[in-house]
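Below is one structure, written out as structure tokens, with a few remarks after it.
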Amino acid sequence: MSENEKPLKWLRKQDGEWEWAADYLRHRLDAEYMRRLKGDAFTRFATYENVVAAIRQIQEDRLDLIIRLQGAIRQRRYRSDSNGRKPRTFSLSKQTLTKLSSIAKRHDTDETAVITALIEREGLAAEAERDYKKLLKESVAREQKNAAQTVATMTAQRDEALKYAERYLRLLVQWELMWPDETPPTASDEDVSKLVESKMKDLKDKLAYIAFRDAVTTDRGHDER
1068 MSENEKPLKW LRKQDGEWEW AADYLRHRLD AEYMRRLKGD AFTRFATYEN
1118 VVAAIRQIQE DRLDLIIRLQ GAIRQRRYRS DSNGRKPRTF SLSKQTLTKL
1168 SSIAKRHDTD ETAVITALIE REGLAAEAER DYKKLLKESV AREQKNAAQT
1218 VATMTAQRDE ALKYAERYLR LLVQWELMWP DETPPTASDE DVSKLVESKM
1268 KDLKDKLAYI AFRDAVTTDR GHDER
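Counting the sequence shown from 1 gives a position; the numbering used here is that position plus 1067.
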């Protein structure tokens, strides 16, 4: 189930409520707007989940219609024998009541529907914030892991280069200890360059292998997630 199809707190599956809501929307949306909704004419209102997804899409640019729908649903429940309403009493300032009444009048609905819509939007905002924090946390963890992998690769390459340096330093020291008063045999620059090139290629190949090995390990870790 996608995020858009998750149940709405104010829309019930029972008592034919979601089907009634679908009819309400069909009679108030023109054909051009209906074509913008996901799904085709046969499926966009075929299930509870499809209706919920359509409502979430509509409220992005037709919040007034969804507020009126909520008010109509509450009136329908009130007229029903099984409305299940639970009265609540709370105090609001005169200024707040005036604003609430003005909003309800502007959207052609009642105060209860306005309050319900505000609570629903607050729930959506909180859900979006939780999702954002989760994605941010995952992104930071991924970047930290990549950085640690990069450091590990560079450390391994450094250690390999030091091993090569130590090896040839040992050979040089051994020569100096065995023949302290002698110099190495004379060799042409071309012969020296060829030998150095061969040794450097060997070292570069080993360093490249280390980088490739660690890259493959990192990719496998991403695939497993």
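Built from N, CA and C at the ideal position, the CB exists for glycine as well.
Under the three-state DSSP convention, the category residue i falls into
{"i": "Q1081", "result": "coil"}
{"i": "I1125", "result": "helix"}
{"i": "D1258", "result": "helix"}
{"i": "L1159", "result": "coil"}
{"i": "K1273", "result": "helix"}
{"i": "K1073", "result": "coil"}
{"i": "A1278", "result": "helix"}
{"i": "D1090", "result": "helix"}
{"i": "T1165", "result": "helix"}
{"i": "E1116", "result": "helix"}
{"i": "E1264", "result": "helix"}
Burial state of residue i, where buried means 16 or more other Cβ atoms lie within 10 Å
{"i": "A1275", "result": "exposed"}
{"i": "Y1235", "result": "exposed"}
{"i": "E1242", "result": "This sequence places Trp at residue 1242; Glu is not what is there. Exposed is the call here."}
{"i": "A1180", "result": "buried"}
{"i": "D1248", "result": "exposed"}
{"i": "R1111", "result": "buried"}
{"i": "I1186", "result": "exposed"}
{"i": "S1149", "result": "For S1149, the predicted model reports a pLDDT of 49, less than 50, meaning its position is unreliable; a value from the coordinates is still stated below. Exposed, since its Cβ has fewer than 16 Cβ neighbours within 10 Å."}
CA nearest to the CA of residue i, picked from the options
{"i": "I1140", "options": "L1185, Q1216, F1109 and A1088", "result": "A1088"}
{"i": "A1121", "options": "A1180, K1073 and D1256", "result": "K1073"}
{"i": "R1103", "options": "E1127, L1239, S1168 and L1202", "result": "E1127"}
{"i": "D1082", "options": "Y1145, Q1124 and L1096", "result": "Y1145"}
{"i": "I1133", "options": "V1240, R1225 and A1184", "result": "A1184"}
8 Å contact criterion, which residue i and residue j should meet: CB distance rounded
{"i": "H1094", "j": "R1135", "result": "That belief does not hold up - the Cβ atoms of H1094 and R1135 are roughly 12 Å apart, past 8 Å."}
{"i": "E1233", "j": "I1277", "result": "17 Å between Cβ atoms; not a contact."}
{"i": "Y1115", "j": "K1080", "result": "5 Å"}
{"i": "W1077", "j": "Q1137", "result": "6 Å"}
{"i": "D1317", "j": "A1219", "result": "Outside the displayed range of the chain (1068 to 1292) lies residue 1317, so it cannot be described from this structure."}
Residue span of the alpha helix (DSSP H) that contains residue i, given as start and end
{"i": "L1239", "result": "E1178 to M1245"}
{"i": "A1098", "result": "A1098 to R1103"}
{"i": "G1138", "result": "L1130 to R1146"}
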